[in-house]
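Engineer: Here it is, the structure, as C-alpha cells.
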Amino acid sequence: MPTTNNQRPTTRIGYGWDSHEFKRGIPLKIGGVTIAHPKGLGGHSDGDVLLHAITDALLGAIAGPDIGSLFPPSDPQWKGADSVVFLREALKRVQAAGYVVANLDSTLILVEPKIGPHAAIIRAHVAELLGISPNAVGIKAKTPEGMGTDNAAIAHVAVLLEKVARASRKKKGTG
Ligand SMILES: [Zn+2]
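Residues 13 to 187 (the numbering used here) make up the sequence shown, in order.
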C-alpha cells in the first residue's frame, strides 16, 4: 500500500484565460516575443496576454493563488514588468509541488496581427521558458468572429502537469 506521502495525483490539469486591450505606440509582446505592430497590449506589466494565461494555468494546476493575487496590478512594482518574471514564479511553485509540465495548448483570439507567421518562434520561446520541447507547446490563433472584441487580444491556455518520479524516494524505511 502506498503511504500518504505518495498520494499526490500522477497528473494535474490547469486552465488559464486572459485579455488585454490594444493601445497605439507600445510594443506588442506575445509569449515573450516582441512582434512588430503599430499597437501593443496595454494594462498591468508588459501586457503579455499569452504568458499571463500560461502563468494562471500553471498556478491553477497546483490549486495555487492566481496571477492577480501574486502580482497585484495595483502594485507599482509590476508596472511595465517583464511577464517572464510571473511565469518563472509559477514554474517554481509547480516544481516545488513536485510536478513538471508535460504539455501545453493555447488559443489566441485577435483580429491582428496574424499569428501564423510568428507561431513557430512563439512556440520555441514558450517551450524554452518552460524547459520543454516545442512539440509539447500548441499555439493556435483565431479571429473573434461576432464577439465585438476587435481591439483586444484574448488567450486561453490548458496545461498538463506530471508528477516527478523521484528515485531517491525508494529508500526503505523513510515512507
Ligand atoms: Zn494579463
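The beta-carbon is built from N, C-alpha and C at its ideal position, and this holds for glycine as well.
(1) Please name the residue or residues paired with residue 34 in a DSSP beta bridge.
(2) Looking only at its own chain, which residues have a Cβ that is under 7 Å from the Cβ of residue 94, when we skip the five neighbours before and after it?
(3) Please tell me whether, using a cut-off of 7 Å, the distance from the CB of residue 56 to the nearest non-hydrogen atom of ligand 1 is below it.
(4) In three-state terms, what does DSSP make of residue 133?
(5) Got a sec? Which residues, its chain only, sit under 6 Å from residue 165 by beta carbon, not counting five neighbours each side?
(6) Does residue 111 have its Cβ less than 8 Å from a Cβ in chain D?
(7) Please report the distance separating the alpha-carbon of residue 23 from that of residue 37.
(8) Where the beta carbon is closer than 5 Å to any heavy atom of ligand 1, which residues qualify, in chain order?
(9) How about residue 129 and residue 136: are their beta carbons less than 8 Å apart?
(10) Take residue 87 and list the residues in its own chain whose beta-carbon comes closer than 8 Å to its own, dropping the five residues that flank it on each side.
(11) Out of 42, 25 and 30, which one is the CA nearest neighbour of residue 134?
(12) For residue 81, count neighbouring Cβ atoms within 10 angstroms of its own Cβ and tell me buried if that reaches 16, exposed if not.
(13) Residue 69 to residue 91, Cα distance in whole Å?
(14) If you measure between the beta carbons of residue 142 and residue 26, is that distance less than 8 Å?
(15) How would you call residue 28, buried or exposed, if buried means at least 16 neighbouring beta carbons within 10 angstroms?
(16) Closer than 7 Å: is that where the CB of residue 121 sits relative to any heavy atom of ligand 2?
(17) Using DSSP with H/G/I as helix, E/B as strand and the rest coil, what is residue 26?
(18) State the beta-bridge partners of residue 45 as determined by DSSP.
Structural biologist: With the structure as the only source:
(1) Among the bridge pairs identified by DSSP, residue 34 is matched with 53.
(2) Taking C-beta separations shorter than 7 Å and ignoring five residues to either side along the sequence, the partners of residue 94 in its chain run 58, following chain order.
(3) Checking the Cβ of residue 56 against ligand 1 gives yes.
(4) The DSSP-derived three-state label of residue 133 is helix.
(5) Once the five neighbours on either side are set aside, the close Cβ partners of residue 165 are 32, 53, 61 and 122.
(6) In the displayed structure, chain D is absent; only one protein chain is listed.
(7) When rounded, the distance between both Cα atoms is 42 Å.
(8) Ordered along the chain, the selected set is 30 and 64.
(9) Taking 8 Å as the Cβ cut-off, residue 129 and residue 136 do not qualify as a contacting pair.
(10) Excluding sequence neighbours, residue 87 sits near nothing in its chain.
(11) With distances taken between Cα atoms, residue 134 lies closest to 42.
(12) Its Cβ having fewer than 16 others within 10 Å, residue 81 is exposed.
(13) In this model, residue 69 and residue 91 are separated by some 22 Å (Cα to Cα).
(14) No, the Cβ-Cβ distance between residue 142 and residue 26 is not below 8 Å.
(15) Buried is the call here.
(16) Annotation note on ligand 2: not contained in the displayed structure, which lists ligand 1 as its ligands.
(17) When DSSP states are grouped into helix, strand and coil, residue 26 belongs to the strand group.
(18) Answer by DSSP bridge pairing, in chain order: 42.
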